[in-house]
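Q: In case it helps, our numbering puts the sequence shown at residues 88 to 275.
Cβ atoms here follow ideal geometry from the backbone N, Cα and C, with glycine treated the same way.
These figures come from a predicted structure and were not determined experimentally.
I am attaching a structure below and will ask some questions about it afterwards.
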Amino acid sequence: VRSGHDAALDRANRALWDLSPDMLAVARLDGAFVAVDAAWSLVLGYSADELTSRPFCEFVVPADRSSVDEAVVSLGIRGHGVATLDCQVKCADGGLRHLVLVWKLADDGAEAYVLGRDVTDLKTVERERNRAARYSRSLIEASLDPLVTISALGITADGSAATEEVTGVPRDTLIGSDFSSYFTEPDQ
Numbered sequence: 088v089r090s091g092h093d094a095a096l097d098r099a100n101r102a103l104w105d106l107s108p109d110m111l112a113v114a115r116l117d118g119a120f121v122a123v124d125a126a127w128s129l130v131l132g133y134s135a136d137e138l139t140s141r142p143f144c145e146f147v148v149p150a151d152r153s154s155v156d157e158a159v160v161s162l163g164i165r166g167h168g169v170a171t172l173d174c175q176v177k178c179a180d181g182g183l184r185h186l187v188l189v190w191k192l193a194d195d196g197a198e199a200y201v202l203g204r205d206v207t208d209l210k211t212v213e214r215e216r217n218r219a220a221r222y223s224r225s226l227i228e229a230s231l232d233p234l235v236t237i238s239a240l241g242i243t244a245d246g247s248a249a250t251e252e253v254t255g256v257p258r259d260t261l262i263g264s265d266f267s268s269y270f271t272e273p274d275q
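Here's what the structure looks like:
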């Protein structure tokens, strides 16, 4: 006989499953999903039936499959309780989404619980930020004059090789330091 507490916990778990913006799943230790929440379909465009009809790894791009397989297998064989995966997954429309997945071995060791988050937009912003930083860096280094970039708070954000020569301070030391320490006369 189930207690009222157990029934309430079941209802709460069902509500969390239905309401979560994150991708939730239950998987066998061979990597096949046995249940997925609606977020999987929203993100990837596959139905729940499609997502549970074959191993998850078949949705993963070929370049990421071996690391996904290894992480999932390590849950059961090596007894690791948690595996975090960073992979690209093919969508039903042919596009790609970048997912971070955390697989946790159930207490009984018979299945795993999966929490997924779509980080595609974050990865795109990160790539763009890195591209912009490389471009800015190339502009700074193209000049023969000492150049620095500083934040609104007066902290040195970057500096050219010529700046290192003028100050005698390595670039790594300049970055993050107070600009006025090197380029003003504080006593005046």
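In whole angstroms, give me the CA-to-CA distance for S90 and L96.
A: Looking up residue 90 in the sequence shown gives position 3. Looking up residue 96 in the sequence shown gives position 9. If I take the Cα positions, the gap works out to 10 Å.
Q: Does the beta-carbon of I242 have 16 or more other beta-carbons within 10 angstroms, so that it is buried, or is it exposed?
A: Here the question's residue 242 lines up with position 155 in the sequence shown. The residue is exposed, with fewer than 16 neighbouring Cβ atoms inside 10 Å.
Q: Can you tell me where the alpha helix (DSSP H) holding I227 begins and where it ends?
A: The residue given as residue 227 occupies position 140 in the sequence shown. Here the alpha helix (DSSP H) through I227 covers T207 to A229.
Q: Report the three-state DSSP secondary structure of G168 (helix, strand or coil).
A: Working through the sequence shown from its first residue, we reach residue 168 at position 81. Coil at G168, not helix or strand.
Q: Please list the segments of the alpha helix (DSSP H) lying wholly inside the region 96-161, counting only runs of 4 or more residues, in order along the chain.
A: 125-131 and 135-138
Q: Assign L140 to buried or exposed, taking buried as 16 or more other Cβ atoms, counted over all protein chains shown, within 10 Å of its Cβ.
A: For the purposes of this step, residue 140 is identified with residue 53 of the sequence shown, where counting begins at 1. Checking the displayed sequence, the identity of residue 140 turns out to be Ser instead of Leu. Counting Cβ neighbours within 10 Å, S140 comes out exposed, since fewer than 16 surround it.
Q: Less than 7 Å between C-beta atoms, sequence neighbours within five positions excluded: which residues of the same chain meet that for A170?
A: Looking up residue 170 in the sequence shown gives position 83. Within the same chain, A170 has close Cβ partners A158, V159, S161, L162 and W190.
Q: So, are the CB atoms of G118 and P142 less than 8 Å apart?
A: Start at 1 with the first residue of the sequence shown, and residue 118 comes out as number 31. Start at 1 with the first residue of the sequence shown, and residue 142 comes out as number 55. Yes.
Q: In the DSSP output, which residue or residues are listed as bridge partners for G246?
A: Along the sequence shown, read from residue 1 onward, the residue named residue 246 stands at position 159. The partner list for G246 (beta bridge, DSSP) reads V235.
Q: Compute the distance between the beta-carbons of C174 and L186, then report whether it is under 8 Å.
A: Within the sequence shown, residue 174 is the residue found at index 87, counting from 1. Within the sequence shown, residue 186 is the residue found at index 99, counting from 1. Yes.
Q: Quick check on G91: does DSSP put it in helix, strand or coil?
A: Residue mapping note: residue 91 aligns to position 4 of the sequence shown, counting from 1. For G91, the secondary structure class from DSSP, reduced to helix, strand or coil, is helix.
Q: Does DSSP put L240 in a helix, in a strand, or in coil?
A: Sequence index remark: in the sequence shown, residue 240 carries index 153 (1-based). Three-state DSSP puts L240 in coil, outside helix and strand.
Q: Could you tell me how far apart the beta carbons of R224 and T207 are, in whole angstroms, since I believe they sit closer than 8 Å?
A: For the purposes of this step, residue 224 is taken as the residue at position 137 of the sequence shown. For the purposes of this step, residue 207 is taken as the residue at position 120 of the sequence shown. Not confirmed; about 26 Å, so no contact.
Q: DSSP puts A197 in a beta bridge; with which residues?
A: Walking along the sequence shown from the start, residue 197 turns up at place 110. Looking at the DSSP output, A197 bridges to nothing.
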